[in-house]
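Each residue of the sequence shown is one higher than the last, beginning at 0 in numbering that gives the first Met the number 0.
Built from N, CA and C at the ideal position, the CB exists for glycine as well.
Since this is a predicted model, take the numbers as computed values, not measurements.
Reviewing the structure listed below.
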Amino acid sequence: MNDVISTILNHRSIRHFEDKPLTEEQIRTIVSCAQAAATSSFIQAYSIIGVKEPVKKKKLAELAGNQEYVEKNGHFFVFCADLYRHSLLGEKEDKNVEASLESTEKFMVALIDTALAAQNAAIAAESLGLGICYIGGIRNNLEEVKKILHIPDRVIPLFGLAVGYPAKVTGQKPRLPFEHVYHEDEYEQNKEVNLHQLDDYNEIIANYYQQRTNGVRKDRWTEQMAALLEKQTRMYMKEFIQKNKLDLR
Ligand SMILES: Cc1cc2nc3c(=O)[nH]c(=O)nc-3n(C[C@H](O)[C@H](O)[C@H](O)COP(=O)(O)O)c2cc1C
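Following this line, the structure appears as structure tokens:
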């Protein structure tokens, strides 16, 4: 196994960081690695906002549902899907790009680009011995996040990435069985097979929680996900995105 693969396979989210800021060099390396990711048609439809200002970090932590590690980390990045610069370049080149920028397809392109860049950043950080935790909690209130970070139309903050020196390292969460995720030549739709794989996984996850919590938690994964999905959360999103002049057609 090479170092890249062992870094990737060693991933776990870190939620306790030492009080030690990242150096400018570390920040540059992480962002350069994000930018090195492949990008649909070279469109580069994302921006990354590093948040250092303690008052802003505190406010973001509150907005994210009081997640302390949004405030207490080595650096906090906010990854944004960004078609604002494409609006500017349309103006500059005197071309009507507006209809295209408002399409669902271009919105998807921006989401995909942002996620690919972010995961490169995450792996780069982990390869430097740092820990990371993605923060989707910032989507609780994107209107406020946009205000705090002065974000223009056609830019949607998607998630944060808390990075820092791990103060507490937790165990790794086992993933779904390989066979359940990887299909060959055709999608496995046999319900019995699918459910059997999920049952196997439930057992693995129940054991994982049991060990991690000294027997307090025994959640099965399907139970956990069904409870999660039963709740309708952040239902304002479609309206918010369209108000920001994306995903309109
Ligand atoms: C886009 C995204 C958003 C996430 N948001 C949060 C968050 O707001 N708070 C948090 O503690 N973890 C968050 N996570 C981390 C997941 O909970 C975590 O990756 C998952 O439980 C698997 O655990 P692992 O990363 O330790 O393997 C997020 C992960 C992703 C990919």
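beta-carbon residue i near ligand 1 non-hydrogen atom, thresh 7 Å
i, result
"S12", "yes"
"I134", "yes"
"Q210", "no"
"Q34", "no"
"K230", "no"
"A63", "yes"
"Q66", "yes"
"Q223", "no"
"K91", "no"
"Q241", "no"
"Q171", "yes"
"F158", "yes"
Residue j beta carbon less than 8 Å from that of residue i
i, j, result
"F78", "L160", "yes"
"G163", "N243", "no"
"K167", "H15", "yes"
"Q66", "I111", "no"
"I240", "I131", "no"
"I122", "H74", "no"
"I254", "K51", "No information on residue 254 is available, as it lies outside the stretch 0 to 248 that the chain covers here."
"R211", "G170", "yes"
"A205", "K217", "yes"
"L175", "Y200", "yes"
"A117", "I29", "no"
"K286", "E70", "With the chain covering 0 to 248 only, the question about residue 286 has no answer from this structure."
"T6", "S126", "yes"
"A80", "T103", "no"
Expected contact under 8 Å - CB spacing of residue i and residue j to nearest Å
i, j, result
"N139", "A33", "Not a contact, Cβ separation roughly 24 Å."
"L82", "A44", "6 Å"
"E101", "L247", "4 Å"
Which residues DSSP lists as bridging residue i, in chain order
i, result
"S99", "Partner(s): none; S99 has no beta bridge."
"F158", "F78"
"S46", "C79"
"G130", "G163"
"F16", "P165"
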